[in-house]
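To start, the structure under review is shown below, and the notes come after it.
Numbering (the UniProt record's numbering), first residue to last: 1 to 34.
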């Protein structure tokens with residue numbers, strides 16, 4: 001159904017955002033350590 005497709009899409013979007021956030025955090029940590 002369309003609703004299920006939408007929920008799957010949103011879930012994968014959240015996964016992508018979470019990964020981006022983690023990468024941003026570790027990049028910031030590396031920057032502050034220098």
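We put the beta carbon where it would ideally sit given N, CA and C, even for glycine.
Given residue i, which residues of its chain have a CB within under 8 angstroms of its CB, disregarding the five upstream and five downstream residues?
{"i": "residue 30", "result": "none"}
For residue i and residue j, I'd like the C-alpha separation in whole angstroms.
{"i": "residue 9", "j": "residue 27", "result": "27 angstroms"}
{"i": "residue 5", "j": "residue 18", "result": "20 angstroms"}
{"i": "residue 84", "j": "residue 21", "result": "Outside the displayed span of the chain (1 to 34) sits residue 84, for which this structure offers no information."}
{"i": "residue 3", "j": "residue 25", "result": "33 angstroms"}
{"i": "residue 13", "j": "residue 32", "result": "29 angstroms"}
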